[in-house]
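Beneath this line is the structure, given in structure tokens, with notes to follow.
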Amino acid sequence: MRIEKRSLLAAVALSVSAFLLFQRLLLPRTIQIIVESQQVYVQEVTGVHTSTDAIIIMVSSIVMGACILYLLLPPHLRAELNALSPPKASLSREILDSLRQDERKIYELILNNDGAVFQSKLVEMSGMPKSTVSLILDRLEAKGLVERRRRGMSNIVILKHEPK
């Protein structure tokens with residue numbers, strides 16, 4: 001089972017906000033100092049929260065609710081939620097219009113494979129020679145559109161979100 005970075009971040013945020021919430025609710029730090037003639041009395045006033053406490057409680061509650069909602073969503077709905085980003089699609093359209101025909105073909109193949117594909121599979125799908133695909137990927141890397149990462153004996157090609 002692979003843990004997503006976002007799920008891990010949500011779990012950490014949930015833990016921290018829960019700690020802050022319960023710490024503020026259960027341990028208010030309001031004290032009363034009474035000075036009578038020669039004696040000083042310090043009393044803890046229970047059930048009183050400062051405005052800072054109220055803000056921390058409110059923010060912690062909101063963060064906890066959002067984290068719980070995110071973590072309880074089924075993985076397929078989470079994937080759909082992450083996929084809903086129209087600016088990315090328009091950005092991809094702008095990028096495609098600025099590329100040469102062979103670069104566009106390779107970029108579209110990567111885009112249609114969820115933004116990550118093995119270089120050897122690109123060669124198969126495109127029908128181009130290995131050297132041509134490699135040169136095209138070099139140009140796309142130089143433009144900041146893709147990144148090649150070594151995976152054992154082969155390369156995986158990943159789309160970058162922000163081109164140069």
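Under the working numbering, the first residue of the sequence shown is numbered 1, with each subsequent residue one higher.
Glycine is no exception: its CB is placed at the ideal position from the N, C-alpha and C atoms.
The structure presented is a predicted model; accordingly, all values stated were derived computationally and were not measured.
Cβ shell of I158 (< 7 Å), same chain only, five flanking positions each side left out:
Along the sequence shown, read from residue 1 onward, the residue named residue 158 stands at position 158. Contacts found: G115, A116, V146, E147 and R149.
Compare the C-alpha of A54 against each of E36, A66, L27 and I33 and name the closest.
Within the sequence shown, residue 54 is the residue found at index 54, counting from 1. When only C-alpha atoms are compared, the closest one is L27.
Quick test of the definition: if touching needs 3 or more C-beta pairs under 8 Å, does the stretch 104–113 touch the stretch 121–129?
yes
Identify the continuous beta strand (DSSP E) that holds E147 and give its terminal residues.
Counting from one through the sequence shown, the residue named residue 147 turns up at place 147. First-last of the beta strand (DSSP E) with E147: V146 to R151.
Runs of alpha helix (DSSP H) lying entirely within the stretch 88–146, each at least 4 residues, in chain order
101–112, 119–126 and 130–142
Could you give the residue range of the alpha helix (DSSP H) that holds V181?
Nothing can be reported for residue 181: it is not among the residues displayed for the chain, which extend from 1 to 164.
Here's a check: name, in chain order, each residue in its chain whose Cβ is nearer than 8 Å to the Cβ of T132, leaving out the five neighbours to either side.
The residue labelled residue 132 in the question sits at position 132 within the sequence shown. Once the five neighbours on either side are set aside, the close Cβ partners of T132 are D102.
When F19, L71 and F118 are compared against G152, the one with the closest alpha-carbon:
Here residue 152 refers to the residue found at position 152 of the sequence shown. Among F19, L71 and F118, the Cα nearest to that of G152 belongs to F118.
So, helix, strand or coil for Q39, using DSSP?
Here residue 39 refers to the residue found at position 39 when the sequence shown is read from its first residue. Here DSSP, grouped into helix, strand and coil, assigns Q39 to strand.
What number of angstroms, rounded off, separates the C-alpha of Q32 from the C-alpha of H76?
Taking the sequence shown and counting its residues from 1, one reaches residue 32 at position 32. Taking the sequence shown and counting its residues from 1, one reaches residue 76 at position 76. Answer to the nearest angstrom: the Cα atoms are 53 Å apart.
Apply the 10 Å Cβ neighbour rule to I110 and answer buried if 16 or more other Cβ atoms are within range, or exposed otherwise.
Taking the first residue of the sequence shown as position 1, residue 110 is located at position 110. I110 is buried by the Cβ-count criterion.
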